[in-house]
Structure formats: C-alpha cells, structure tokens
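See below:
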C-alpha cells in the first residue's frame, strides 16, 4: 500500500530566512522543544545537518507504540531549498511501514519577496498486512510541526529587523 499527504502554509518572512530553520538542525530542536508532549528529546548521531545526517528522536516514556525513530537526511539542497528525510529505523518502520519519507520545500511567494510558502509532503509505503496502520499517518502532526517552525522563524525574523 502506498500513500501521500501534503500540507502548505504561508510564512511572512523571505524564503531565505525560512530556509535557515526548515533546512537545518534547528527544525528538530524547535519541534522537540515545542512538542514535549509528543517528543522527549533528539540526538544528532551523525552529520552536521547536510545530506547524510542521521538524527534519533525519542517519544516520551510510558507511551504506547515505538519508543524512538532514526531519520536520515537524504537531500539538503540549499539552492532549491529542498530537504528530504527518510526513516531508517524505528517509529513507523516498527508498525509495518516499509518506507516513510518527508520532503520540505521553501519557495518564495509569487510576487512577494518578503513572504514564502512551505510545502511539506509525507510519502509512505506499508505492507498489505499492516494496511490498517495507514490511518496513523495524518496531516495534523505534519501541519503542527511546520506551523511551529513558521511561528519561530516569523518571531525571530521580526525581532532582528
């Protein structure tokens, strides 16, 4: 079974400023700090935020389901402002998914250099016997994360200007 979900939000900062967060290791930091009820911590296992970086994200103790996941940044394209990451261990992969990838793209809003659009897409594949777990993939967490980062970058951009 194959699936895909997408979300898009507008951010009131230039694409180059938004990319500084979405394209870096600041994104997992902001996500974990802002969503402590969903994530307890993260660690950089390898890399500096460029392609090849591997991070491990932990869920709060006592929660049902997977305890953590490892994610590898497969593409970090500074010029096109595109970041792609794949789960390589744990998380959804422990629930019958054979692939779970996220793509973030930051583009300049047409006609407005001081605004940008963040597009986030999740693509996944799972074993037929685990097809019921497709319902675990939802737009809500994806939208929460990209909005959290948008709020952070907007607040910090306005404070510096």
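In UniProt numbering, the protein residues as written are 1 to 161. Glycine included, every Cβ here is placed at the ideal spot set by N, Cα and C. Treat the numbers as computed from the prediction; the structure is a model and nothing was measured.
By the C-beta density criterion, residue 43 is exposed, having fewer than 16 other C-beta atoms within 10 angstroms. The segment 7–25 and the segment 95–114 touch, with three or more beta-carbon pairs separated by less than 8 Å. As summarised for the UniProt domain "Bet v I/Major latex protein" (1–134), the continuous beta strand (DSSP E) elements at least 3 residues long and confined to that stretch are 2–11, 41–46, 54–58, 68–77, 82–90, 97–109 and 112–126, given in chain order.
Contact fails between the segment 141–154 and the segment 108–115, because fewer than three Cβ pairs, one in each stretch, are under 8 Å apart. Under a 10 Å Cβ-count criterion, residue 120 is classified as buried, with 16 or more other Cβ atoms of the shown protein chains found around its own Cβ. In this structure, the beta-carbon distance from residue 143 to residue 134 does not fall below 8 Å. In the three-state DSSP reduction, residue 138 falls in the coil class, being neither helix nor strand.
A buried status is given to residue 81, since no fewer than 16 other beta-carbon atoms sit within 10 Å of its beta-carbon. Nearest to residue 89 by alpha-carbon distance, out of 147, 56 and 117, is 56. With respect to the C-alpha of residue 157, the residue from 4, 3, 1 and 19 having the closest C-alpha is 19. By the neighbour-count definition (other C-beta atoms within 10 Å, threshold 16), residue 6 is an exposed residue. Non-local beta-carbon contacts of residue 8 in its own chain, meaning distances under 8 Å to residues more than five positions away in sequence, involve 117, 118, 119 and 120 in chain order. Looking from the CA of residue 136, the closest CA among 147, 74, 65 and 70 belongs to 65. Ranking 67, 30 and 73 by CA distance to the CA of residue 47 puts 73 first. Nearest C-alpha to residue 146 among 4, 34 and 14: 34.
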